[in-house]
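Undergrad: First the structure, then my questions, so here it is.
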Amino acid sequence: MTTIIPQRRPEWLRVRPPSGKNYDELKDLMRGQSLHTVCEEARCPNIGECWGHKTATFMILGRVCTRSCGFCAVETGRPMGMDWEEPKRVAEAAQHMGLRHAVVTSVNRDELKDGGAGVFAATIRWIRRLNPECKVEVLTPDFKGIYDALKVVIDAKPDVFNHNVETIPRLYKRVRPQAVYERSLQVLKWAKEMNPAAPTKSGFMLGLGETTDEILQVMRDMREHDVDILTIGQYLRPSFQHLPIQRYVPLEEFAALKAEGKKMGFRHVESGPFVRSSYHAHEQAEGATKEE
1 MTTIIPQRRP EWLRVRPPSG KNYDELKDLM RGQSLHTVCE EARCPNIGEC WGHKTATFMI
61 LGRVCTRSCG FCAVETGRPM GMDWEEPKRV AEAAQHMGLR HAVVTSVNRD ELKDGGAGVF
121 AATIRWIRRL NPECKVEVLT PDFKGIYDAL KVVIDAKPDV FNHNVETIPR LYKRVRPQAV
181 YERSLQVLKW AKEMNPAAPT KSGFMLGLGE TTDEILQVMR DMREHDVDIL TIGQYLRPSF
241 QHLPIQRYVP LEEFAALKAE GKKMGFRHVE SGPFVRSSYH AHEQAEGATK EE
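Numbering (UniProt numbering), first residue to last: 1 to 292.
Here's what the structure looks like:
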């Protein structure tokens, strides 16, 4: 199916270039600590707003991913080594920023036996050690579906566990060629079983060629696997080397999906064109807790 996309984005998809004192300070802090953020690596449209409020999503395990997802701007290749000092530097940066809710994600490290789970766990513990009042949310890879690797992360007791399904199963070969839809759902269910008290979270993008029926089925699948928090956003093409946008989803569709998600029993639904996994993450977690 060929879809003609307007060359200019709709008004609701335009953002100002990032700038400001807090943005500059945070950028200097990240460079000074040799840290990476998914905000920069994935070219997130919310970077100006989030960094302006001194919130960021730390990306651990380097900046080179072993997978080649068609939507993602993070570099693909062969990662180099491990940096076991990184968890402490992340915690120090979170302390310097005075964070109340830290989000930690990573590239895929499929060449590692545990997929990098040990570094996730160390990062959670370091943040807790230096910032006892700070909540920690993790957005992890699927660890190739290895139960014991996931357990290493959950045993460190993250306050929120997030793993994204990203899109509908029909589009996986094009969008997430090295991933398996059923495996991602299993990881989410395992995480809930390992720590029932912690909210689980997942999300997907719109605008890649999915149908409404397919979207609703994914939402039902998530609920059947005990996902508490749902995020839905618009896919925005990082470059001409990435998958083309099939359509810009109007605001009323995002609103309708949010209402449908609430009917299905999600504790919290964040749905809108600029929504990303960690966008307003603190508010998402609070919303899920209040509605328990």
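Just so it is clear, CB atoms sit at the ideal spot from N, CA and C, and this is done for glycine as well. For clarity, every value in this text was computed on a predicted model and none was experimentally measured.
With DSSP as the reference, please indicate the residues paired to C65 in a beta bridge.
TA: Locating residue 65 in the sequence shown gives position 65, counting from the first residue. Partner(s): T76.
Undergrad: Okay, do the segment 236–244 and the segment 187–197 touch, 3+ Cβ pairs below 8 Å being the bar?
TA: The segment 236–244 is not in contact with the segment 187–197.
Undergrad: Please determine if the segment 225–236 and the segment 259–266 are in contact, where contact requires at least 3 C-beta pairs separated by less than 8 Å.
TA: yes
Undergrad: Let's see if you can read the secondary structure: which residues bound the alpha helix (DSSP H) around A121?
TA: Position 121 of the sequence shown, counted from the start, is the residue given in the question as residue 121. A121 -> alpha helix (DSSP H) spans A117 to L130.
Undergrad: Spatial neighbours of V218 within its chain, please: C-beta separation below 7 Å, excluding the five flanking residues on both sides.
TA: The count along the sequence shown starts at 1 and reaches residue 218 at position 218. Cβ neighbours of V218 beyond the five flanking positions: V165, I168 and F204.
Undergrad: Hey, quick one: how far does the beta strand (DSSP E) through P270 stretch, first residue to last?
TA: To locate residue 270, count along the sequence shown from 1; it is residue 270. First, the amino acid is wrong: residue 270 is Glu here, not Pro. H268 to S271 is the span of the beta strand (DSSP E), which, as asked, contains E270.
Undergrad: Mind checking which residues open and close the alpha helix (DSSP H) that includes H96?
TA: By 1-based counting over the sequence shown, the position of residue 96 is 96. Taken as a continuous stretch (DSSP letters only), the alpha helix (DSSP H) holding H96 covers E86 to M97.
Undergrad: Which of helix, strand or coil does DSSP assign to G203?
TA: As a working mapping, residue 203 is identified with position 203 in the sequence shown. Three-state DSSP puts G203 in a strand.
Undergrad: Can you give me the C-alpha to C-alpha distance between L112 and R170, rounded to a whole angstrom?
TA: Taking the sequence shown and counting its residues from 1, one reaches residue 112 at position 112. Taking the sequence shown and counting its residues from 1, one reaches residue 170 at position 170. Those two C-alpha atoms are separated by around 28 Å.
Undergrad: Can you name, in chain order, every residue of its own chain whose Cβ lies under 6 Å from the Cβ of P17, other than the five neighbours on each side?
TA: Locating residue 17 in the sequence shown gives position 17, counting from the first residue. For P17, the pLDDT reaches just 48, beneath the cut-off of 50, and the residue's location in the model is therefore unreliable, although a value from the coordinates is still provided. Taken in chain order, the list of residues that qualify is empty.
Undergrad: Suppose the cutoff is 6 Å on Cβ atoms and the five residues either side in sequence are ignored; what does the same chain contact list for R67 look like?
TA: Taking the first residue of the sequence shown as 1, we reach residue 67 at position 67. So the list reads N108 and Q178, once near-sequence residues are dropped.
Undergrad: Is it true that the CB of S271 sits closer than 8 Å to the CB of residue 293?
TA: As shown, the chain starts at 1 and ends at 292. That puts residue 293 outside it, with no answer to give.
Undergrad: Between D142 and the rest of its own chain, which residues show a CB-CB distance below 6 Å, the 5 nearest in sequence each way excluded?
TA: If you number the sequence shown from 1, residue 142 lands on position 142. Residues of the same chain with a CB within less than 6 Å of the CB of D142, apart from the 5 flanking positions on each side, are R183, S184 and V187 in chain order.
Undergrad: Tell whether a beta-carbon distance below 8 Å holds between P87 and V136.
TA: As a position in the sequence shown, residue 87 is number 87, starting the count at 1. As a position in the sequence shown, residue 136 is number 136, starting the count at 1. Result no, Cβ atoms of P87 and V136 do not sit closer than 8 Å.
Undergrad: Can you tell me which of L139, E92, A156 and L150 puts its alpha carbon nearest to the alpha carbon of L130?
TA: Stepping through the sequence shown from its first residue, residue 130 is reached at position 130. That would be E92, whose Cα lies nearest to the Cα of L130.
Undergrad: Quick check on DSSP: helix, strand or coil for G145?
TA: On the sequence shown, position 145 is the one that residue 145 refers to. Helix at G145.
Undergrad: Cutting at 8 Å between CB atoms, please list the residues of its own chain near residue 293, excluding the five before and the five after it.
TA: Here the chain covers residues 1 to 292 and nothing more, so residue 293 does not appear.
Undergrad: Just verifying my parser: in three-state terms, what is the DSSP assignment at A197?
TA: Position 197 of the sequence shown, counted from the start, is the residue given in the question as residue 197. Note: A197 maps to coil in three-state DSSP.
Undergrad: So A149 and A117 are supposed to be a Cβ contact under 8 Å. How far apart are they, rounded?
TA: Translated into the one-based positions of the sequence shown, residue 149 becomes position 149. Translated into the one-based positions of the sequence shown, residue 117 becomes position 117. Yes, they are in contact, since the Cβ atoms of A149 and A117 sit about 4 Å apart, within 8 Å.
Undergrad: For T57 versus V103, is the C-beta spacing smaller than 8 Å?
TA: As a working note, residue 57 is residue 57 in the sequence shown. As a working note, residue 103 is residue 103 in the sequence shown. Yes, Cβ-Cβ distance for T57 and V103 is below 8 Å.
Undergrad: Comparing alpha-carbon positions, which option in D213, A73 and L206 lies nearest L251?
TA: Within the sequence shown, the letter at position 251 stands for residue 251. Looking at the Cα atoms, L206 is the closest of the given residues.
Undergrad: Span of the alpha helix (DSSP H) holding A259?
TA: The sequence position of residue 259 within the sequence shown is 259, counting from 1. Start and end: L251 to M264.
Undergrad: Could you check where the beta strand (DSSP E) with V104 kicks off and where it finishes?
TA: Here residue 104 is taken as the residue at index 104 of the sequence shown, counted from 1. Looking at the DSSP string, the run of the beta strand (DSSP E) that includes V104 is H101 to S106.
Undergrad: Keeping to the same chain, check which residues put their C-beta closer than 8 Å to that of R100; ignore five residues upstream and five downstream.
TA: The residue you call residue 100 lines up with position 100 of the sequence shown. Hits under 8 Å: E133, C134, K135 and H282.
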